[in-house]
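Novice: Following this message is one structure expressed as structure tokens.
In the working numbering, the protein residues as written are 3 to 268.
Here it is, written out as structure tokens:
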């Protein structure tokens, strides 16, 4: 028995150092592991961990359903998209050279010129007077009236009294055209580019030119200016000297003018 106990004691003494060594190694390994976990990771290691975490999240995320073009998810409204024009709704663009040579319709130009009105009649003393002057020439009249600063309807009224708006009226050889312009004045009118009083457009410009001149001459009085237009300055001055500042001619022109304005503003 003693021998057995002695042998056991000897074996234990031989094993004890090994146990102590193993215990020390275990303690050292435990300390190294704890220290490693507490140290900050390098950028590469941190990035690797983040990438790994992202991949894990992506793999675990549920798949979204695929949407057809133009479809909407619940609670969302699709953005509006421009519809492509149907080929049948597209008109071929006009040839550029044709467009350059074609004039806009006078009805279109009428809407672009504020104040223009295409007259077909006017009334005076209970009678209806038909205005046959083309829309083209009426628009030209409007433009010339603007150019010389006279009233469009006043110019139209002068033409009505002088020629009945007949663009083919050649007059009596001394007073010609729509405004019955005195042919002897052509030399003066050449200074503003008028060379042919039988041309309706040039004749209309001459009317506007002289109306502007006569209005300035009498200080803006329309009746007196019209008397000068009709009888000349010297002839009108004889009436003025007698205290007469209106005439049958001026009253008729003003009557035509007032009728047209009334029609325009109806």
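Glycine residues also receive a C-beta, built at the ideal position from the N, C-alpha and C atoms. Given the structure is predicted, the values throughout are model-derived calculations rather than measurements.
1. Taking the C-alpha atoms as reference points, what is the distance between residue 188 and residue 199?
2. Tell me which same chain residues have a C-beta within less than 7 angstroms of the C-beta of residue 172, skipping the five on either side of it?
3. Just verifying my parser: in three-state terms, what is the DSSP assignment at residue 232?
4. Buried or exposed, going by whether 16 or more other CB atoms sit within 10 Å of the CB of residue 204?
5. Identify whether residue 150 lies in helix, strand or coil by the three-state DSSP scheme.
6. Just curious, the alpha helix (DSSP H) that residue 204 is in, first and last residue?
7. By the 10 Å Cβ neighbour count, where 16 or more other Cβ atoms means buried, how is residue 261 classified, buried or exposed?
8. Taking the alpha-carbon of residue 128 as reference, which of 266, 158 and 258 has the nearest alpha-carbon?
9. Are residue 180 and residue 193 touching if we call contact CB-CB under 7 angstroms?
10. Among 226, 218, 185 and 219, which one has its Cα closest to the Cα of residue 273?
11. Should the stretch 248–258 be regarded as contacting the stretch 220–240, the criterion being three or more beta carbon pairs within less than 8 angstroms?
12. Going by alpha carbons, who is nearest to residue 265 out of 21, 131 and 26?
13. Where do the ends of the alpha helix (DSSP H) carrying residue 251 lie?
14. Roughly how many angstroms lie between the CA atoms of residue 169 and residue 158, to the nearest whole one?
15. What separation, rounded to the nearest whole angstrom, lies between the Cα atoms of residue 117 and residue 136?
16. Quick check on DSSP: helix, strand or coil for residue 241?
17. Under a Cβ-count criterion, where at least 16 other Cβ atoms within 10 Å of its own Cβ denotes burial, should residue 217 be classed as buried or exposed?
18. Can you tell which of 195, 133 and 210 has the C-alpha that lies nearest to the C-alpha of residue 143?
19. Let's see if you can read the secondary structure: which residues bound the alpha helix (DSSP H) around residue 189?
20. For residue 118, which three-state DSSP category applies?
21. In chain order, what residues of the same chain lie with their CB nearer than 8 angstroms to the CB of residue 206, ignoring the 5 residues before and after it?
22. Going by the CB atoms, is the gap between residue 196 and residue 167 shorter than 7 angstroms?
23. Three-state secondary structure (DSSP) at residue 130?
24. Do you know how far the Cα of residue 148 is from the Cα of residue 270?
25. Is residue 190 near residue 263, with beta carbons less than 7 angstroms apart?
26. Cβ of residue 214 within 7 angstroms of Cβ of residue 255?
27. Within this structure, are the beta carbons of residue 229 and residue 238 separated by less than 7 angstroms?
Specialist: Checking against the coordinates, here is how it stands:
1. Your numbering for residue 188 matches position 186 in the chain shown. Your numbering for residue 199 matches position 197 in the chain shown. Their Cα atoms are separated by approximately 8 angstroms.
2. Residue 172 sits at position 170 when you count from the first residue of the chain shown. A distance below 7 angstroms between beta-carbons, with the five flanking residues on each side excluded, links residue 172 to the following residues of its chain, in chain order: 178 and 200.
3. The residue given as residue 232 occupies position 230 in the chain shown. Taken through DSSP and simplified to helix, strand or coil, residue 232 comes out as helix.
4. Working through the chain shown from its first residue, we reach residue 204 at position 202. Its Cβ being crowded by 16 or more others within 10 Å, residue 204 is buried.
5. Position 148 of the chain shown, counting from 1, holds the residue named residue 150. Helix at residue 150.
6. One-based indexing of the chain shown puts residue 204 at position 202. Counting along the chain, the alpha helix (DSSP H) containing residue 204 begins and ends at 202–219.
7. Against the chain shown, residue 261 aligns to sequence position 259. The C-beta of residue 261 has 16 or more other C-beta atoms within 10 Å across all chains shown, which makes the residue buried.
8. Taking the first residue of the chain shown as 1, we reach residue 128 at position 126. It is 258.
9. The residue given as residue 180 occupies position 178 in the chain shown. The residue given as residue 193 occupies position 191 in the chain shown. It is not a contact, given that the beta carbons lie outside the stated cut-off.
10. Outside the displayed span of the chain (3 to 268) sits residue 273, for which this structure offers no information.
11. With the cut-off at 8 angstroms, the stretch 248–258 and the stretch 220–240 touch.
12. The count along the chain shown starts at 1 and reaches residue 265 at position 263. The shortest C-alpha separation from residue 265 is found at 131.
13. In the chain shown, counting from the first residue as 1, residue 251 sits at position 249. Per DSSP, the continuous alpha helix (DSSP H) segment holding residue 251 begins and ends at 250–266.
14. Numbered from its first residue, the chain shown carries residue 169 at position 167. Numbered from its first residue, the chain shown carries residue 158 at position 156. Per the coordinates, the alpha-carbon of residue 169 lies some 12 angstroms from the alpha-carbon of residue 158.
15. Here residue 117 is taken as the residue at index 115 of the chain shown, counted from 1. Here residue 136 is taken as the residue at index 134 of the chain shown, counted from 1. Using only the alpha carbons, I get a separation of about 17 angstroms.
16. Taking the first residue of the chain shown as 1, we reach residue 241 at position 239. Of the three classes helix, strand and coil, the one that applies to residue 241 here is helix, per DSSP.
17. Here residue 217 corresponds to residue number 215 of the chain shown, with the count starting at 1. Looking at its Cβ environment, which holds 16 or more other Cβ atoms inside 10 Å, residue 217 is buried.
18. Against the chain shown, residue 143 aligns to sequence position 141. The option with the nearest alpha carbon to residue 143 is 210.
19. By 1-based counting over the chain shown, the position of residue 189 is 187. Where residue 189 is concerned, the enclosing alpha helix (DSSP H) starts and stops at 188–191.
20. Here residue 118 refers to the residue found at position 116 when the chain shown is read from its first residue. The answer is coil: DSSP assigns residue 118 none of H, G, I, E or B.
21. By 1-based counting over the chain shown, the position of residue 206 is 204. Same-chain partners within the cutoff: 139, 142, 143, 146, 157, 161, 180 and 181.
22. As a working mapping, residue 167 is identified with position 165 in the chain shown. As a working mapping, residue 196 is identified with position 194 in the chain shown. In this structure, residue 167 sits away from residue 196, with a CB-CB distance that is not shorter than 7 angstroms.
23. For the purposes of this step, residue 130 is identified with residue 128 of the chain shown, where counting begins at 1. Here residue 130 sits in strand by DSSP.
24. Only positions 3 to 268 of the chain appear in this structure, which leaves residue 270 out of reach.
25. As a first step, residue 190 must be located in the chain shown, where it is residue number 188. As a first step, residue 263 must be located in the chain shown, where it is residue number 261. The answer is no: Cβ separation not under 7 angstroms.
26. Counted from its first residue, the chain shown places residue 214 at position 212. Counted from its first residue, the chain shown places residue 255 at position 253. Contact flag unset, no.
27. The residue labelled residue 229 in the question sits at position 227 within the chain shown. The residue labelled residue 238 in the question sits at position 236 within the chain shown. Against a cut-off of 7 angstroms, the Cβ pair of residue 238 and residue 229 comes out as a contact.
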